Each structure stands twice: as structure tokens, then as C-alpha cells.
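Chains as they are written, first to last, in the working numbering: chain A, 360 to 620; chain B, 360 to 620. These notes are about the structure you will find just below.
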DNA sequence: CCGTTGGTATTACATTATGATACCTAGTGT
DNA sequence: ACACTAGGTATCATAATGTAATACCAACGG
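Written out as C-alpha cells, the structure is:
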């Protein structure tokens, strides 16, 4: 198998990464054969590579079950990431303030291709686990944060994105109709913020305001999610939105005249 | 160079990991030559491996400066890690409650060899950046969390650890005297919690209570850090400690009769 | 007890990674 | 403008390295 006929491409390394990527939210503990199956590598290769990752401390191995698991090194990588991302350092103190003022869950999301990724999360209320954990990647079109960002793009790009970016149903009420998404995005163009409902989980309301980077394009967003049982759109706009916008606006200036991420 | 004369060890993969590890809090953006220097690999190897990591999306490359940076994939790895760690899922909702009740920063730390690593952080007050970011690894002896955990170990292990585990000065007031550390640990044995002051940053007070695993050994701790300007030990014990202990005790049961991490 | 499944170890082979070298581009100082 | 340097990119002959087949071993289940 040749992923690339390129002398600047080290296949063994790439294969090792395949193994790392075999772990996800529904595959958190894998045996050697699981790894082989999920990575598409043969038994021998899997054995050698997994063993290497183990020796190097990238995988933990349960001595009883002999199954592999992500090691603490995976968290250290997140730590290193944070220092390299100029946004987080700027934003963190302001996000903390915001979450304390609102008493509701506040998130920081970045655009990552046609997805968003949660970079920082400050949960205030009990929610489902996935909503409390950083690093979650979601289709941009299905999130208020993604739509708020998209709304800062020129019209043709917006159109193209709404047509082509991926969507995936998470709840029965996830919007799969691209026209509806377009409407939501265009509303965000007008309003400067996006609200979405029940996209990732039922009875969840989310508001997001964009963080504007160079050339007026958003590359991140501040987002707040609340329960639809205790909140409605009107109250969100009245009580949450102003502070959310202040926060996003306070973060943006540092990135106005800087190079893209 | 042979790191191991072992056919189950894939050198190229290990070298690739060296490159990843070249990034840390003070080296967040590295050029090709930086990478070569920090990883100890020659120019060619660095070139090939870095290029592979770039193609595979593990590194971002600034088109202007040609410097490499950790990509969003590093955060996704943290996400995968979280699903594999049985502790976090159990603890998260309880930690959120705790942080809301206290209105102060709450952390969850795990033991990682002779260090602790922050697995979850819920900042409530403005602090320095490093205190808000998960994945930070610190010498166990220099943290209240580490000492609280150590205090659950049998006496001979405690002694050995206090003698041999690494210490490093972070502030002028970081305790470097192992006798003083032993005293603190032994106090924690008696009290069931540990308090430390100014270890990582000046004017910081930290309390920690252990999360007990199988065989009565702690493998994690709940920790709370507050400013010494507004708090003293007495008030901490009176107002913070009870709730902290409740939280740790509420988390522990699920791990009493389970295999070690 | 035997068959199956999954993990571990060994080996002969050639594919693959290697590292020296040469090339190219951008920045610096005179 | 020039030469000079530093840093990034590309090429290639060589053998070292990773490969995949196979055999071995332990645990589990009927």
C-alpha cells in the first residue's frame, strides 16, 4: 500500500497515526485485533506499531485485558496545543468572566475546515458529558457557532458552504434542510449572531457571536448553550446576547490586523 | 542510532513522536531547524517526518513563516482521551456542582507516575493561563493534590516517594526541603486532606482531597485553589473543605472495587 | 478435552527510510 | 547591487529497516 509515492512521506509514521486515530468516543479501549480492524493494517504491522506507541508512552495497556487506551500524553498534547493557539490566551479570562456573569455554560469554538471544534468549555450546569469536553468536532452547519462564523463570510462563500459542507443528524430535530440552514445563516448576517435549537441535543438552545479576524472574517465564536425548558429566544436575546457580544467584541480587536491562523 | 534492537519497535514512528514532543509551553511554534535541534534528528529526517505529520494533519504550517504548530488534531486527541478515562465521566457533574457552590476554581488531578496531571479544570476566577488549561503535568510532591494522594499510600512507599520523587522550583516559595514535604504529607495522612501554599504561584493556597481507588490507594484528587489574599487556612478548612470532601467521597465509591487505571 | 480466538515471537526478504548533497529562496549587511 | 548566510526544498544510490508470513502460546468456552 502506498499512500504517497513520495520520498518525503514516511509511511510507518502515518500508519502509527492511523492507530492513534482509531480511538474515538465510541472506541475508547481497543485490543490488538480491534486496532488492526479499525486501522486497516495487518496483524503484524499493528503489533509492531502499537508496541512502539506503548513503549513511547503514547498508549497505556491494561495488563489484565491487554487492551490499549490513550495515555496521559494525549492530554499533554492538548496542553501544548493551548500554548500555540494565540486565541485561547486572549480569550480565557474574558470567557471566565462571562460564564460567571451568566451562570450558564460558555464555549469557545474555532473553525476547522468545514467543522467547528470546541477549544474551551466552561460548564456551569450539569449537561451531558460530550458538552463538557474540549476537542469535540462538529459539522459547522449544525452549530450556532459555525453559522455565526459563516455569516461573516462573503455571500458566494456562504452560499457554497451551505450547499456543500457536511451535515449529520444528531437528534431527531437536527436541521437537515439546507434551505432552513441558509435562512438561519442569512438571519445571522443581519443580526450579527446565530441562535439554534436542538441541533446536538434535544431541548438545547444555543447562541453564538463571531470573533472577527483579519479581513473581517470570523475564525472563532463565543457560544452559550442553555436549556429550552427555562429559556426562550426572547429572554436569550435580552439577557445573554448583550454580554456575549461584549465578550466576543472584546476578544476580536487583538486579531483584526494579524495574520490568519 | 538504535533506540532498541527490537523488531517490534518501529524507529520511524518513535522519531515522529519525538517531533510532536518538541512542542511545549515555551516552544509553541517551531521551524524546521528548531524541530531538528529540539528532537536531535538530522535535517533530512526532520524534513521527512515533519512533512508526513503535516500531510496527515497533525501539524499546521504557517505559509508565511513556514513554521509548524500543533493542529486541532491535538485537541481531538484530548477528546478521545476523555472517553477512555472512566474517572472523568463520573466526576464531571459533581465537579461542576462543586465549583458552582464554591465559586472558586476546582480541579481534578490524576497521578501519572511521580507527577500529577490536571485532567479537568473549572476556573471561576481570573488566574494565570497555565492554571486554566488541562494537561499540565507537575511534580506530585509540589502539589496539594499529589500530597493528598500520596498520603493514602502505605508508609514505606510514602517515605520512598518523599525521598526520591522529583521536585523543581516554580516560585521562590516552592518547598524544596523534603523534610518539610514529608511533614505536610504526614499531616495529610492524619487529616485526610492536604493544604499547600505558594507552590506553583505566589499567594496561592490549594486544598486537595483524595479520590480513593481499589485497595484504598488514591489515584486522583479533587483540588481547589484560592488566593491567599482573600482566604486563610482556617476559613478554607471551615468553608471549602467539607464540600470538597463530599465531592471526593461521592466520586470514590465507583472505583473502590474496580481494576486500577 | 479440544477448538477457537487473540496475543506474542521469529525470520528471510525487499521495500522503505535514510542522510549526504545539491538546489533554491529570502533576508542581511556592505 | 553584491555576496553571504541561513533556512527550506528536492534528489538519489544504498542498505538498513520495516515487512508479512508463519509458528508458538495462553486463555476461554462448550
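Where is the CB? At the ideal position from N, CA and C, for every residue including glycine. No experiment lies behind these values; they were computed from the predicted model shown.
With 16 as the cutoff for other CB atoms within 10 Å, does residue i come out buried or exposed?
i: residue 588 (chain A); result: exposed
i: residue 549 (chain A); result: exposed
i: residue 514 (chain A); result: exposed
i: residue 561 (chain A); result: exposed
i: residue 615 (chain B); result: exposed
i: residue 593 (chain A); result: exposed
i: residue 563 (chain A); result: buried
i: residue 460 (chain B); result: exposed
i: residue 539 (chain A); result: exposed
i: residue 366 (chain A); result: exposed
i: residue 469 (chain A); result: buried
i: residue 618 (chain B); result: Legend: pLDDT at residue 618 (chain B) = 44, less than 50; position of this residue unreliable, no value from coordinates given.
i: residue 623 (chain A); result: Absent from the model: residue 623 (chain A). The displayed extent of chain A is 360 to 620, so no value can be given.
i: residue 527 (chain A); result: exposed
i: residue 591 (chain B); result: exposed
i: residue 385 (chain A); result: exposed
i: residue 411 (chain A); result: buried
i: residue 482 (chain A); result: buried
i: residue 415 (chain A); result: buried
i: residue 435 (chain A); result: buried
i: residue 422 (chain B); result: exposed
Mind pulling the chain A residues with CB within less than 7 Å of residue i?
i: residue 451 (chain B); result: 488, 491
i: residue 448 (chain B); result: 488
i: residue 615 (chain B); result: The premise fails here: residue 615 (chain B) is roughly 17 Å from chain A at the closest Cβ pair, so nothing lies under 7 Å.
i: residue 417 (chain B); result: 376
i: residue 495 (chain B); result: 438
i: residue 471 (chain B); result: 431
Shortest alpha-carbon distance to residue i belongs to which of the options?
i: residue 467 (chain B); options: B:449, B:484, B:486, B:473; result: B:449
i: residue 433 (chain B); options: A:391, A:493, A:586; result: A:493
i: residue 559 (chain A); options: A:519, A:488, A:413, A:370; result: A:488
i: residue 608 (chain A); options: A:586, A:575, A:596; result: A:575
i: residue 306 (chain B); options: B:509, B:546, B:460; result: The first residue shown for chain B is 360 and the last is 620, placing residue 306 (chain B) beyond what the model contains.
i: residue 523 (chain A); options: A:394, A:535, A:577, A:393; result: A:535
i: residue 397 (chain B); options: B:484, B:412, B:415, B:378; result: B:378
i: residue 480 (chain A); options: A:455, A:502, A:470, A:497; result: A:455
i: residue 546 (chain A); options: A:566, A:530, A:532; result: A:566
i: residue 530 (chain A); options: A:605, A:557, A:573, A:382; result: A:557
i: residue 583 (chain B); options: B:458, B:519, B:605, B:485; result: B:458
i: residue 502 (chain B); options: B:373, B:395, B:541; result: B:541
i: residue 490 (chain B); options: B:412, B:585, B:579; result: B:585
i: residue 382 (chain A); options: A:438, A:419, A:485; result: A:419
i: residue 525 (chain A); options: A:552, A:532, A:497, A:544; result: A:497
i: residue 598 (chain A); options: A:555, A:463, A:413; result: A:463
i: residue 424 (chain A); options: A:393, A:369, A:380; result: A:393
i: residue 551 (chain A); options: A:537, A:573, A:577; result: A:577
i: residue 485 (chain B); options: A:451, A:485, A:486, A:602; result: A:451
Under 9 Å between beta-carbons, which chain B residues line up against residue i? List them in chain order, please.
i: residue 393 (chain A); result: The contacting residues do not exist; residue 393 (chain A) stays about 13 Å from chain B at best.
i: residue 583 (chain A); result: Within 9 Å Cβ-Cβ: nothing; residue 583 (chain A) doesn't reach chain B, min ~16 Å.
i: residue 382 (chain A); result: 436, 439, 440, 442, 443
Residues of chain A with a CB under 8 Å from the CB of residue i: which are they?
i: residue 406 (chain B); result: 367
i: residue 541 (chain B); result: By Cβ distance, chain A contributes nothing, its closest Cβ being about 26 Å from residue 541 (chain B), past 8 Å.
Please list the partners that residue i has in chain B, where partner means a Cβ-to-Cβ separation under 7 Å.
i: residue 428 (chain A); result: 443
i: residue 578 (chain A); result: Per Cβ cutoff of 7 Å: no residues; residue 578 (chain A) is ~12 Å from chain B at best.
i: residue 399 (chain A); result: Correct list: empty, because the minimum Cβ distance to chain B is about 15 Å.
i: residue 529 (chain A); result: Those do not exist, as residue 529 (chain A) stays about 16 Å from chain B at its closest Cβ, beyond 7 Å.
Identify the contact partners of residue i in chain B, using a Cβ-Cβ distance below 8 Å as the criterion.
i: residue 478 (chain A); result: 434
i: residue 482 (chain A); result: 451, 455, 481
i: residue 567 (chain A); result: Under the 8 Å cutoff, chain B gives no residues; its nearest Cβ is about 18 Å from residue 567 (chain A).
i: residue 467 (chain A); result: Within 8 Å Cβ-Cβ: nothing; residue 467 (chain A) doesn't reach chain B, min ~11 Å.
Is the beta carbon of residue i within less than 8 Å of some heavy atom of the ligand MN?
i: residue 496 (chain A); result: As presented, the structure is devoid of all ligands, the ligand MN included, so that no description of it is given.
Can you pull the chain A residues whose beta carbon is under 9 Å from the beta carbon of residue i, in chain order?
i: residue 515 (chain B); result: Under the 9 Å cutoff, chain A gives no residues; its nearest Cβ is about 23 Å from residue 515 (chain B).
i: residue 499 (chain B); result: Correct list: empty, because the minimum Cβ distance to chain A is about 13 Å.
i: residue 485 (chain B); result: 451, 452, 455, 456
i: residue 410 (chain B); result: 365, 367, 368, 369
Count the C-beta pairs between the segment 430-449 of chain B and the segment 426-439 of chain A that are closer than 8 Å, then say yes if the count reaches three, no if not. yes
Three CB pairs or more closer than 8 Å across the segment 401-417 of chain B and the segment 382-399 of chain A: no
Taking contact to mean 3 or more Cβ pairs, one atom from each stretch, closer than 8 Å, check whether the segment 494-509 of chain A and the segment 468-486 of chain B are in contact. no
List in chain order: all unbroken alpha helix (DSSP H) runs of 4+ residues lying wholly within the segment 433-499 of chain A. Secondary structure within the segment 433-499 of chain A: the alpha helix (DSSP H) runs of 4 or more consecutive residues, fully enclosed, are 445-461 (chain order).
Quick one: complete alpha helix (DSSP H) runs, 4+ long, within the segment 514-544 of chain A? 514-523
Could you pull out every unbroken alpha helix (DSSP H) segment of at least 4 residues lying fully inside the segment 544-619 of chain A, listed in chain order? 600-610, 612-615
What are the complete alpha helix (DSSP H) segments, minimum 4 residues, inside the segment 377-434 of chain A? Listed in chain order, the complete alpha helix (DSSP H) runs (minimum 4 residues) inside the segment 377-434 of chain A are 391-398, 402-414.
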